[in-house]
Every structure is written in structure tokens, then in C-alpha cells.
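The numbering of the sequence shown is our numbering, which starts it at 2 and goes up by one.
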Amino acid sequence: MTPLFFAALFAASLIASPAPLPLHLEEFRKSSVAELSSLYALSPDAATRPFDIEFVASRPPVIPGSWRMLPRFAAGGALPHENRLVVVEARTGEFPFGNAAQTLRHEISHLLLFRSIGSRAPRWFDEGLALRASGEWEGDRSILSLFFGRAARISLPRIESDFSAGETEARRSYDLARGFVEFLFPESPGLTAFLLQVRERDSFDEAFARRFGTSPEKKFDQWIHGKPILVRLLLTVGSEGTIFFVAALLIPIAAWIVRKRRRQIAESKEPDAPPRLRRPRLPGRLWDDE
Numbered sequence: 002m003t004p005l006f007f008a009a010l011f012a013a014s015l016i017a018s019p020a021p022l023p024l025h026l027e028e029f030r031k032s033s034v035a036e037l038s039s040l041y042a043l044s045p046d047a048a049t050r051p052f053d054i055e056f057v058a059s060r061p062p063v064i065p066g067s068w069r070m071l072p073r074f075a076a077g078g079a080l081p082h083e084n085r086l087v088v089v090e091a092r093t094g095e096f097p098f099g100n101a102a103q104t105l106r107h108e109i110s111h112l113l114l115f116r117s118i119g120s121r122a123p124r125w126f127d128e129g130l131a132l133r134a135s136g137e138w139e140g141d142r143s144i145l146s147l148f149f150g151r152a153a154r155i156s157l158p159r160i161e162s163d164f165s166a167g168e169t170e171a172r173r174s175y176d177l178a179r180g181f182v183e184f185l186f187p188e189s190p191g192l193t194a195f196l197l198q199v200r201e202r203d204s205f206d207e208a209f210a211r212r213f214g215t216s217p218e219k220k221f222d223q224w225i226h227g228k229p230i231l232v233r234l235l236l237t238v239g240s241e242g243t244i245f246f247v248a249a250l251l252i253p254i255a256a257w258i259v260r261k262r263r264r265q266i267a268e269s270k271e272p273d274a275p276p277r278l279r280r281p282r283l284p285g286r287l288w289d290d291e
């Protein structure tokens with residue numbers, strides 16, 4: 002192998018290496034850890050435990066080999082059990098990821114939530130909470146997200162599975178998860194108290210049932226049914242069963258309209274019949290002798 006080959010290999014390794022975290026993001030990292038540790042009721046030991054950050058600054062981004070599992074649209078990722086995260090600067094700024102600082106805070110949220118409850122939370126909660134904590138894309142976008150992706154009934158299991166589906170479905174899942182988490186925990190003290198319950202019971206579902214009196218799936222359905230009636234109507238129209246019914250109803254109607262239109266066109270092409278001559282009515286006749 003020539004020296005040129007080794008030089009090229011070395012240069013490629015430098016390009017693929019994550020860059021140091023910029024100074025302003027380092028300060029943001031510290032403040033994010035402090036704020037989220039308080040919100041997630043973390044002990045000082047758990048809060049101060051270090052974690053690795055890989056910051057990809059190259060454009061176009063060259064993703065490190067240890068993060069090849071990232072979806073092509075993802076601006077960040079976290080592996081809480083390995084105490085490491087990544088931020089891909091070139092992919093930030095497009096929903097569901099905010100700017101680089103918000104994306105960093107989003108991924109830190111995943112790590113600290115894992116440390117808080119000692120295990121992985123359901124993904125809808127994990128991602129929705131990370132969006133809430135980072136302040137990415139504030140405002141209600143969830144109504145629009147109800148109609149994106151494949152036509153099917155919206156449910157919490159569906160959201161959970163769609164995180165690993167196509168890009169459109171994943172984006173919708175992020176948005177609906179965020180909206181649902183904000184609905185469940187509009188105030189920070191309620192969220193902190195809930196996480197303490199999860200830790201105490203060592204069960205997310207048990208803590209959820211104790212706090213809300215039902216399962217996450219049923220609570221999600223209540224949230225959806227609490228949407229404006231027009232939204233619920235459109236959701237019904239968007240289900241596969243309704244689409245099949247409407248299609249079965251519209252096909253014969255469309256066929257009838259086509260036949261009627263063809264008949265009208267054919268009649269318009271027929272030559273006009275000569276006008277019919279009528280004999281003049283004579284005085285005193287009560288009827289026409291035709």
C-alpha cells in the first residue's frame with residue numbers, strides 16, 4: 002500500500018470524527034443538565050454522572066460508525082444505557098428537531114429520564130417528554146398530524162410502532178406524542194411527582210393507572226375524542242373501513258353520472274326533428290281532430 006493510500010485513510014478518519022462541542026453548547030449542556038435533573042427528580046450522584054457527546058459538524062454530515070442506526074432525517078440520538086448521545090448539526094432545524102441547542106437538550110432528556118426511573122420509558126412518553134423539555138416547535142401542530150401518513154385509526158400502539166416506520170409516520174408520532182404528554186402534564190410539578198411514582202413502583206403502567214385511573218391507551222383515546230368535532234369527523238373519514246365504505250358508495254354513483262353524461266352527449270348530436278304542423282282550430286270545435 003502506498004503512502005498516498007494511508008494519507009487518504011487518515012484524512013477520511015479525521016472527517017468522520019465528531020467535532021468538540023462548541024463553547025456555547027457546552028454552557029447550554031451544563032444548564033440543561035441542571036434544569037432537567039431538577040424536573041426529573043434526579044439525585045446529585047445520578048445527575049452529575051458524565052456522558053459522552055459526539056457532535057457532527059461536517060456538511061454534508063458524516064455519521065460515525067457507532068451511529069449508523071440513526072434514521073436519515075434524525076438530527077440526534079441517544080443510547081442512555083451506554084451514556085452517550087450524538088447531535089448532527091446539518092440536520093437540525095426541521096421538525097421534530099429544533100436548532101442544535103434544542104436537539105442537544107432533547108437528547109440529554111433521554112439520558113436523564115433513563116437515570117431517573119432506572120429503565121426505558123415507553124417511547125411515546127420518552128420522545129414526547131424530550132420535545133416538551135427542549136421547547137422544540139412550540140404550539141399545537143397535533144391536529145394536522147392526525148391526518149398525515151397511512152389512513153388508519155390513530156391509537157397509542159400505532160404511534161409507538163410508527164416511530165420505526167417511514168419518515169412521514171415517524172414525524173407524526175413525534176408530534177402526537179408531544180401533544181399527548183403536554184396534555185397529561187401541563188405543569189412541571191405534576192410531571193416530577195409522576196416520575197417519583199414510576200420510580201417508587203418500578204412500573205410505568207402502574208404509576209400511570211394510579212395517577213390517571215386508566216391505561217395510557219384509553220387516556221390517549223380520551224384525548225383524541227376531546228378534539229373538536231370536525232377533527233373527529235375527519236379522523237373517522239380517514240379510517241380504512243370508512244374509506245372502503247365511501248368508495249363502495251361513490252363508485253356506482255360515479256358510474257351513473259358517467260352514463261347520464263354520455264346519454265346527454267349522444268342526444269345533443271342527433272339531428273333536430275322538423276317542427277310539427279298543427280291544423281288551425283275551427284270555430285265551434287271542442288277538440289282537435291289530429
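Glycine included, every Cβ here is placed at the ideal spot set by N, Cα and C. Keep in mind it's a predicted model, so treat the numbers as computed, not measured.
Distance between residue j and residue i (C-alpha atoms, nearest Å)
| i | j | result |
| --- | --- | --- |
| phenylalanine 181 | histidine 226 | 12 Å |
| glutamate 55 | alanine 20 | 7 Å |
| valine 87 | phenylalanine 52 | 11 Å |
| serine 216 | phenylalanine 209 | 7 Å |
| valine 57 | isoleucine 64 | 7 Å |
| aspartate 222 | glutamate 201 | 27 Å |
| alanine 166 | arginine 260 | 43 Å |
| glutamine 265 | tryptophan 257 | 12 Å |
| serine 204 | proline 45 | 23 Å |
| arginine 154 | arginine 179 | 19 Å |
| proline 158 | arginine 262 | 47 Å |
| lysine 220 | glutamate 36 | 28 Å |
| glutamate 27 | proline 187 | 29 Å |
| isoleucine 254 | alanine 267 | 20 Å |
| glutamate 128 | histidine 25 | 25 Å |
| leucine 185 | serine 120 | 21 Å |
| arginine 50 | arginine 60 | 31 Å |
| leucine 112 | serine 156 | 26 Å |
| glycine 239 | glutamate 168 | For glycine 239, the predicted structure reports a pLDDT of 47, less than 50, and the residue's modelled location is therefore unreliable. A value from the coordinates is still provided. Taking the straight line joining both Cα atoms gives about 19 Å. |
| glycine 191 | lysine 31 | 24 Å |
Cut-off 7 Å between Cβ atoms - residues of its own chain near residue i, not counting five sequence neighbours on either side
| i | result |
| --- | --- |
| alanine 48 | Val34, Ser38 |
| leucine 130 | Ser110, Leu114, Val182 |
| glycine 94 | Asn100 |
| alanine 122 | Leu114, Phe205 |
| tryptophan 224 | Phe181, Phe184 |
Neighbourhood of residue i by C-beta distance below 6 Å, restricted to the same chain and skipping five residues each side
| i | result |
| --- | --- |
| phenylalanine 115 | Pro81 |
| phenylalanine 126 | none |
| serine 174 | Ile160, Asp163, Phe164 |
| arginine 212 | Phe195 |
| glutamate 108 | Gly77, Ala79, Leu86 |
| arginine 69 | none |
| valine 89 | Val57, Pro62, Ala76 |
Integer-rounded CB distance, given that residue j should sit under 8 Å from residue i
| i | j | result |
| --- | --- | --- |
| proline 62 | arginine 92 | 7 Å |
| glutamate 170 | aspartate 163 | 4 Å |
| arginine 133 | glutamate 183 | 6 Å |
| threonine 193 | alanine 42 | 5 Å |
| serine 135 | leucine 40 | Actually they do not touch by this definition, with Cβ atoms about 12 Å apart. |
| proline 97 | arginine 172 | 6 Å |
For residue i, three-class secondary structure by DSSP
| i | result |
| --- | --- |
| leucine 26 | helix |
| arginine 159 | helix |
| leucine 196 | helix |
| arginine 85 | strand |
| glycine 66 | helix |
| glycine 77 | strand |
| serine 240 | At serine 240 the pLDDT is 45, less than 50, meaning the model places this residue with poor confidence and gives no usable figure here. |
| glutamate 55 | strand |
| alanine 47 | helix |
| alanine 210 | helix |
| alanine 122 | coil |
| alanine 20 | strand |
| serine 165 | coil |
| glycine 150 | Here glycine 150 scores only 41 on pLDDT, less than 50, and its place in the model should not be relied on; the value that follows carries that caveat. Residue state, collapsed to three classes: coil. |
| phenylalanine 186 | coil |
| leucine 113 | helix |
Residues near residue i by beta carbon distance below 8 Å, same chain, minus five either side
| i | result |
| --- | --- |
| aspartate 206 | Ser216, Pro217 |
| phenylalanine 29 | Ala102, Leu105, Arg106 |
| isoleucine 118 | Leu196, Val199, Arg200, Phe205 |
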